[in-house]
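Numbering (this note's numbering), first residue to last: 1131 to 1685. Even glycine gets a Cβ: it sits at the ideal position worked out from N, Cα and C. On a predicted model such as this, the values are computed, not experimentally measured, just so you know. Structure first, commentary second.
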Amino acid sequence: MAAQRTGSDLLVEALVNEGVDRVFGVPGEENLDIVESLRRSGIELIVTRHEQSAAFMAATYGRLTGKAGVCLTTLGPGALNLTTGAAYALLGAMPMVMITGQKPILKSRQAQFQIVDIVATMRPLTKSSRQIVSTGAIPTLVRNAFRIAQEERPGPVHLELPEDIAAFPAPEGLGPVPLHPLELPVGNDEAVATAAEMLRAAERPLVMIGAAGNRRHLVPALSDFVRRMNIPFFNTQMGKGAVDGNSGLYIGTAALSEGDYLHDAVTKADLILAIGHDVVEKPPFIMEQAGQKVIHVGYQPADIAEVYFPDHEVVGDIGASLGRIAEAFGGPHPTAAEAFAELRRKILEKVAADGTSDRFPLLPQRIVHDVRAVMPEDGVVALDNGMYKIWFARSYRTHIANTILLDNALATMGAGLPSAMVAAMLHPDRRVMAVCGDGGFMMNSQELETAIRLKLNLVVVILVDNAYGMIRWKQEAQGFADWGLTFGNPDFVTYAQAYGATGWKVESAADFAPTLEQAYAQGGVHLVSVPVDYAENSRVFIEELRSHASAVEAD
Ligand SMILES: Cc1ncc(C[n+]2csc(CCOP(=O)(O)OP(=O)(O)O)c2C)c(N)n1
Ligand SMILES: [Mg+2]
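Set out below in structure tokens:
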């Protein structure tokens, strides 16, 4: 006789229905029914060495595929370890479904052991957080969870499945809810016509691509729009790598909010078409009352802030709305590209400066330069959070969408390695690299074991300054004494070897790129430790940009 289907079978059937192929997590005894249902389903269970990395991995899976990534943990301590990952997905707009276990809710012989209110804990960190209280409700709750997670603005959803609800027999004849495509509303005729009119009236329009423009399904529409309009574009940090090609129109990344070379272009523009502006990021530019006009193109209306109050809005599906704007405009913009040609050349030259310096420890500029040289166009670089993120955001050029993964929303340390692991998993044929500081790497370095177990091909670059460098830099910039932010490190070569990975220590600037090449040629997991010279942080971001600002003022 076939075994009776249970609540956990219903849950896993619903996951299969959503196209889930992997679940990341650390199960507890409260999840054993689900684990058994997974075993019989064909969905892969990828156990990690900390729940936080399972959440980072599921969120990145969602970010890269547009389909919600799924993670699974036990109740109490395991579920609490998901909270940083939940916030990462919420601020970063990454679709994710988190499933956590719970003691039986109808009868329990364990009193309050390990019980904390996870549904309430998750509420401010998710788009929706619910306990499943009846076995028969599982299919609809799962369908709804995936819809909420994947709909604009995407984000995390939490479902708690108590042990007894998971183990109860499934009602006869109940199965998953069928999926259907969902078309979003598009910016209306009037809004589109006004946008086209404003673009026509502008001599020096610029396109800005923000975080909400960086969605996998938008790549063709956005790339096509930039090419058809022939308007130079810049992006925010989270908007980086949102389009394919169009390198001839890229004018820079707003790694800072103001005062960088890129902001000369912002000042020069008489109109900015802001696509997918999202207030989770530090402002890419500061709007002034008497400054240039701004058009907001977004899934949602603009969030008005002291630094962002657009003059016009086109609200609706971004891809389709942009298609309509290009259509209404009817051809390339006559003056935009030419108006910025000279400035574009200067900006790109400035942010590429010192890329070939031979100094040792290596300059951040050289690190960015050499990584770019070693990575093919489709290679993926995933950054953790530290000082180098600003250098990469500013100077690393992308040519293919989703080839740089960075988090300028929660900006949490510890996500670099897990996010790179998912990129390596999804793109086994491409070069994938994690770039981490010695602080951030050690926050989830235990996942090297997971990477080895999964037989990933992955290079992890660790920038070694024996410090929480970014904070140390801000301490200096704000005039505080250099105190309390340094630490020691393990020997990263033997650390790598202990996991069965290969370790490398870069001893000179000339050594760096060939080491990376060798690592990729060998395949497998490699740790490359690189001493970095952060004296450049103050020299460029404070002294050089300050003198640039006064030169601009004097103009
Ligand atoms: C989880 C978390 N804790 C603390 C911070 C604050 N923070 C931002 S950057 C940074 C230092 C990062 O040090 P490291 O990873 O060594 O990179 P470095 O700046 O030295 O290159 C800290 C502590 C953070 N963003 N995330
Ligand atoms: Mg450091």
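Pair within 8 Å by beta-carbon distance, residue i and residue j
i, j, result
"V1200", "V1177", "no"
"L1168", "L1162", "no"
"E1577", "L1547", "yes"
"D1537", "Y1218", "yes"
"W1521", "V1498", "yes"
"L1392", "I1268", "no"
"A1539", "E1411", "yes"
"S1638", "F1490", "yes"
"A1341", "A1523", "no"
"A1469", "F1355", "no"
"G1371", "T1533", "yes"
"V1562", "V1481", "no"
"H1656", "A1628", "no"
"I1672", "A1607", "yes"
"P1335", "A1399", "yes"
"L1593", "G1618", "no"
"A1144", "R1273", "yes"
"A1564", "V1591", "yes"
"I1278", "S1264", "no"
"L1586", "R1602", "no"
"G1285", "L1352", "no"
"F1571", "D1663", "no"
"I1173", "V1156", "no"
Host beta strand (DSSP E) of residue i (start-end)
i, result
"Y1650", "Not the beta strand (DSSP E): Y1650 falls in the alpha helix (DSSP H), residues 1639-1652."
"I1176", "1174-1177"
"F1522", "Element bounds for F1522: not the beta strand (DSSP E) but the alpha helix (DSSP H), 1518-1525."
"I1229", "1226-1232"
"M1692", "The question about residue 1692 has no answer here: the residues shown for the chain are numbered 1131 through 1685."
"L1289", "1286-1292"
"N1365", "1363-1366"
"P1661", "1655-1661"
"I1405", "1401-1405"
"V1444", "1442-1445"
Same chain, Cβ closer than 7 Å to residue i, five either side skipped, listed in chain order
i, result
"S1549", "F1186, T1190, A1512, L1535"
"I1416", "S1387, E1388, V1437"
"M1328", "L1401, K1423, I1425, H1442"
"A1096", "The question about residue 1096 has no answer here: the residues shown for the chain are numbered 1131 through 1685."
"R1170", "none"
"A1643", "D1500, A1503, V1504"
"I1248", "L1205, A1209, T1230, E1290"
"E1160", "T1204, L1205, G1231, Q1232, K1233, E1293"
Endpoints, alpha helix (DSSP H) assigned at residue i
i, result
"Q1242", "That residue, Q1242, is in no alpha helix (DSSP H); it is neither H nor E in DSSP."
"Y1625", "1622-1629"
"E1666", "1665-1668"
"G1222", "1213-1222"
"F1298", "Premise fails: F1298 is in no alpha helix (DSSP H) and is neither H nor E."
"G1546", "1546-1556"
"G1208", "1206-1210"
"L1452", "1448-1459"
"R1193", "1181-1195"
Neighbourhood of residue i by C-beta, 6 Å cutoff - its chain only, sequence neighbours within 5 removed
i, result
"I1405", "I1339, G1343, V1427"
"H1463", "M1359, N1360, I1361"
"R1135", "A1300"
"R1193", "M1224"
"A1297", "T1136, D1163"
"P1315", "G1446"
"Q1495", "D1484, G1485"
"L1271", "I1262"
"Q1182", "N1211, T1214, G1215"
"D1508", "I1530, R1560"
"R1346", "G1196"
Same chain, Cβ closer than 8 Å to residue i, five either side skipped, listed in chain order
i, result
"M1131", "Residue placement at M1131 cannot be trusted, given a pLDDT of 41 that sits under 50; the coordinates are not used to answer."
"A1323", "A1458"
"T1645", "W1634, V1636, V1658"
"D1294", "P1234, I1235, L1236, K1237"
"A1640", "D1488"
Worksheet item: At what residue ranges does the stretch 1569-1612 contain a whole run of the alpha helix (DSSP H), taking only runs of 4 or more?
Response: Listed in chain order, they are 1578-1583, 1599-1607.
Item to complete: Ignoring anything shorter than 3 residues or poking outside the stretch 1249-1274, list the beta strand (DSSP E) runs there in chain order.
Response: 1258-1261
Worksheet item: Counting only runs that start and end within the stretch 1327-1383, where is the alpha helix (DSSP H) found for 4 or more residues in a row?
Response: With a minimum length of 4 residues, the continuous alpha helix (DSSP H) runs that stay inside the stretch 1327-1383 are 1349-1359.
Item to complete: Ignoring anything shorter than 4 residues or poking outside the stretch 1472-1543, list the alpha helix (DSSP H) runs there in chain order.
Response: Runs of the alpha helix (DSSP H) inside the stretch 1472-1543: 1494-1504, 1518-1525.
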